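K.L.:
In our numbering, the protein residues as written are 20 to 161.
Yeah, the Cβ is synthetic: ideal placement off N, Cα and C, and Gly gets one too.
In this text, all values refer to a predicted model and were calculated from it rather than measured experimentally.
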């Protein structure tokens, strides 16, 4: 193996690693703030996104959650402008979601699938971008 080929191996490995760990997020959030209270398998997080574009996976981290755990989740959210879909996937693959239109609020109650040290709630714009999103996520591992 010559020196040129050796330089490409780390680049290819890094590219493959980044592709594997993308996590389904194909969007962005600007101006986010969050505060969480976690207590080994239960807790709550509240926060804001100034602007949301595309699909954003919000990870809730809790070391007492393991892959495949079923987690009871309630998401209360409001949106100032732009429609937003909020969703979560249960261990059996069922997706629970709510769509919140501009100037409205709503509540999503469902079951999320545990991942390593947490779970994910997905925020997705339905038209371009959304602004002024506030949320409160409460959860309890079953």
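So residue 89 is in the beta strand (DSSP E); what residue range does that whole segment cover?
P.N.:
For the purposes of this step, residue 89 is identified with residue 70 of the chain shown, where counting begins at 1. Start and end: 89-100.
K.L.:
According to DSSP, is residue 123 part of a helix, a strand, or is it coil?
P.N.:
Counted from its first residue, the chain shown places residue 123 at position 104. Residue 123: strand per DSSP, three-state reduction.
K.L.:
Exposed or buried, which one is residue 143 when buried takes at least 16 other CB atoms within 10 Å?
P.N.:
Numbered from its first residue, the chain shown carries residue 143 at position 124. Buried: at least 16 other Cβ atoms inside 10 Å.
K.L.:
Quick check on residue 59: buried or exposed, where buried means 16 or more other Cβ atoms within 10 Å of its Cβ?
P.N.:
As a working note, residue 59 is residue 40 in the chain shown. Label assigned to residue 59: exposed.
K.L.:
Spell out a yes or no on whether the segment 54-68 and the segment 125-139 are touching, meaning 3 or more CB-CB pairs, one atom from each, closer than 8 Å.
P.N.:
Counting Cβ pairs under 8 Å, fewer than three are found: no touch.
K.L.:
With C-beta atoms as the reference, is residue 90 less than 8 Å away from residue 131?
P.N.:
Walking along the chain shown from the start, residue 90 turns up at place 71. Walking along the chain shown from the start, residue 131 turns up at place 112. Closer than 8 Å, so yes.
K.L.:
By alpha-carbon positions, which one of 128, 49, 50 and 161 ends up nearest to residue 96?
P.N.:
Along the chain shown, one-based indexing puts residue 96 at 77. For the residues 128, 49, 50 and 161, the minimum Cα distance to residue 96 belongs to 128.
K.L.:
Taking 7 Å as the limit between beta carbons, can you name the residues of its chain near residue 153, skipping five residues before and five after?
P.N.:
For this step, residue 153 is matched to residue 134 along the chain shown. Here the set comprises 67, 96 and 97.
K.L.:
Who pairs with residue 83 in a beta bridge, going by DSSP?
P.N.:
On the chain shown, residue 83 is found 64 positions in, with the first residue counted as 1. For residue 83, which the question treats as bridged, DSSP gives no partner whatsoever.
K.L.:
Kindly indicate which three-state DSSP category residue 59 falls into: helix, strand or coil?
P.N.:
Translated into positions along the chain shown, residue 59 becomes position 40. If DSSP states are grouped into helix, strand and coil, residue 59 belongs with coil.
K.L.:
Which two residues bound the contiguous beta strand (DSSP E) that contains residue 151?
P.N.:
Taking the chain shown and counting its residues from 1, one reaches residue 151 at position 132. Its beta strand (DSSP E) spans residues 137-160.
K.L.:
May I ask you to report which of helix, strand or coil DSSP gives residue 129?
P.N.:
The count along the chain shown starts at 1 and reaches residue 129 at position 110. Residue state, collapsed to three classes: strand.
K.L.:
According to DSSP, is residue 45 part of a helix, a strand, or is it coil?
P.N.:
The count along the chain shown starts at 1 and reaches residue 45 at position 26. Correct three-state label for residue 45: coil.
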